[in-house]
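Working notes, structure below.
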RNA sequence: GCGCCGGUAGUCUAGUUGGUUAGGAUGUCGGCCUCCCAAGCCGAUGACGCGGGUUCGAAUCCCGCCCGGCGCACCA
């Protein structure tokens, strides 16, 4: 089976705009100040997104005894981004030419012109270098202004901003930090560790260049969970070599040694079952047996050295922990569950892989990042990020806020460790549409082979309207059936009596509606209607009084169309 | 942000030595016809990305901007 996408980015973005799934915000102001990186979900898209969220809730929250959902504000106090490190370390130094107003990255400009490395230099140092070496604007020779910090975060203020003050609000660039600052409250509700806190919501990043349609946006939807798990305080999630090479990690290990007199280096848990981090309670047999496709860090490095394509390994989720490919069981639990989630959305197994992030892609506090990548027509790209963030976030928020976010058990201090899966809804939507998209073959139009759970409409009711004498009777009966289905099934059901029947089937196929119910002349003699399956165009006759039951069974997968 | 390429109805497109009312197809809407897959016939609807300049006259030439694609850079 090939997992080549059925639609290309170009095709799919056009098709989605045409069918009302998603289109650029502010199209009618083209050229008058509309901006890239913002999209509006249309009538089909808002239903699709809702269905993705519902299915995710079902998978990750409803079926879990230990996961709790919150819904935080998107405007957040600035101080939490100081605590998280976002404002402290994630900015680009920009300089603007006073004369021609061109914008440059100060560090890159210096490196290019003077051919020296300026990594880790402060703003003051960079400004000093520019002054000393009399660096001018490469384009017009004009004088360069002061260096500005460009943070990629949208900032605003509540109330009037006095001169010299920093804005006090930040539009969150991720939902995660709102979870960390709610930790204490949810912990008192959850009662004990381990537990997960989930959140679905919008995040905002002022990307320099939004690209590839829905792939990189300035406003986007995330579904995130932070799992809080206690880990033995003397057991560090890094190797001894890592610790020796990194001053921040060395500091951490020194403080543990000072407090407990010993430390154990355990970057990968393997078969060690001593701590909760390697005992995920809901990692059941089904999940243990899920086959994961993993591209390890070593394989990526070796392949690039040898100038060949990197090859993924495939193994059971449980074995990936035992063989020390994944850091611990909680990580394996997340990856297995994500695989099942994405395949239930219609994304083929071999279009999904997990890539271990390279050292330069990983922050210092991370003890293992595995991106779930989907194969798009433009390459393998991240759709879900999985990070073992250790106790970094809670430690930082504890320091800055002064709140008690640790547990004291038998004289030892446990700061919960965090495993974080972070889903990008738009990236998932783009991937699943690319794989559901069909063109040519047996019909002369584009259509969507969406899984029934995702389809915006589960069925359409269509009066055939062929013989003239029956027309009004047919229409009346069709409307009656439509009302009954709506009352009895809770689904969105379409109704259409315009144009000819072929056109109406085509319109439904285009929206991905899996079943079409047609009222014809025979309906009046035996109380049956035809039901047509989108993927095969096949039809069966079923009694009207069983229609809601049959439809529900078909959508829920309790009965197959062939068995009707 | 830099470099290259592009932008005509919802969609695909004709028109670019400057010169009619910007043409076609398809969709959409209305009607006719037809017992089941964008069928056929009639009618309606709808476009030069935005702004400025050159010119008697600009979709066409020039400048700026916006949007999109690719490459570079960025991507907590």
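In the numbering used here, the protein residues as written are 3 to 566.
Using N, Cα and C, we set each Cβ at its ideal position, and we do this for glycine too.
Check: Same chain, Cβ closer than 6 angstroms to residue 298, five either side skipped, listed in chain order; Outcome: 358
Check: Residue of 384, 383, 386, 408 minimising C-alpha distance to residue 395; Outcome: 408
Check: Rounded C-alpha distance that separates residue 19 from residue 13; Outcome: 10 angstroms
Check: Residue 236 (DSSP reduced to helix, strand or coil); Outcome: coil
Check: In DSSP terms, what residue 71 is bridged to; Outcome: 200
Check: When 325, 345, 311 are compared against residue 317, the one with the closest alpha-carbon; Outcome: 325
Check: Where residue 42 sits in the DSSP three-state scheme; Outcome: strand
Check: Element boundaries [alpha helix (DSSP H), containing residue 257]; Outcome: 249 to 262
Check: Cβ-based neighbour list, residue 382, same chain, cut-off 8 angstroms, excluding 5 preceding and 5 following; Outcome: 355, 357, 375, 376
Check: Proximity to residue 500 [Cα-Cα], best of 530, 219, 464, 487; Outcome: 464
Check: When 442, 547, 405, 455 are compared against residue 560, the one with the closest alpha-carbon; Outcome: 455
Check: Given 8 angstroms, three or more beta-carbon pairs between the region 272 to 287 and the region 231 to 246; Outcome: yes
Check: Identity of the residue in 349, 55, 484, 136 nearest residue 200 by Cα; Outcome: 55
Check: Integer Cβ distance of residue 422 from residue 391, believed to fall under 8 angstroms; Outcome: 6 angstroms
Check: Per-residue DSSP class, three states only, for residue 387; Outcome: strand
Check: Pick from 272, 514, 184, 97 that is closest to residue 148, judged by C-alpha positions; Outcome: 97
Check: Every unbroken beta strand (DSSP E) inside the region 299 to 346 [3 residues or more]; Outcome: 315 to 318
Check: For residue 380, the three-state DSSP class (helix, strand or coil); Outcome: coil
Check: C-beta contact flag for residue 83 and residue 172 at 7 angstroms; Outcome: yes
Check: Residue 565 beta carbon less than 7 angstroms from that of residue 10; Outcome: no
Check: Three-state secondary structure assigned by DSSP to residue 124; Outcome: coil
Check: Euclidean distance between Cα positions of residue 405 and residue 331; Outcome: 29 angstroms
Check: Test item: CB-CB of residue 329 and residue 369 under 7 angstroms; Outcome: yes
Check: Residue 517, enclosing beta strand (DSSP E) - first and last residue; Outcome: 517 to 521
Check: Residue(s) in a DSSP beta bridge with residue 531; Outcome: 544
Check: Length of the line joining the Cα atoms of residue 85 and residue 72; Outcome: 21 angstroms
Check: Which of helix, strand or coil DSSP assigns to residue 150; Outcome: strand
Check: Contact set for residue 209: own chain, Cβ-Cβ below 8 angstroms, skip 5 residues either direction; Outcome: 39, 154, 218, 219, 220
Check: Element boundaries [alpha helix (DSSP H), containing residue 433]; Outcome: 427 to 438
Check: Which of helix, strand or coil DSSP assigns to residue 590; Outcome: Since the first and last residues shown for the chain are 3 and 566, residue 590 lies out of range.
Check: Beta-carbon gap between residue 236 and residue 262 smaller than 7 angstroms; Outcome: yes
Check: Residues near residue 556 in its chain [Cβ-Cβ closer than 6 angstroms; skip 5 each side]; Outcome: none
Check: Exposed unless 16 or more other CB atoms sit within 10 angstroms - verdict on residue 31; Outcome: exposed
Check: Endpoints, alpha helix (DSSP H) assigned at residue 473; Outcome: 473 to 491
Check: Residue 270, buried or exposed, once every other Cβ within 10 Å from all chains shown has been counted against 16; Outcome: buried
Check: C-alpha gap between residue 496 and residue 48, whole angstroms; Outcome: 16 angstroms
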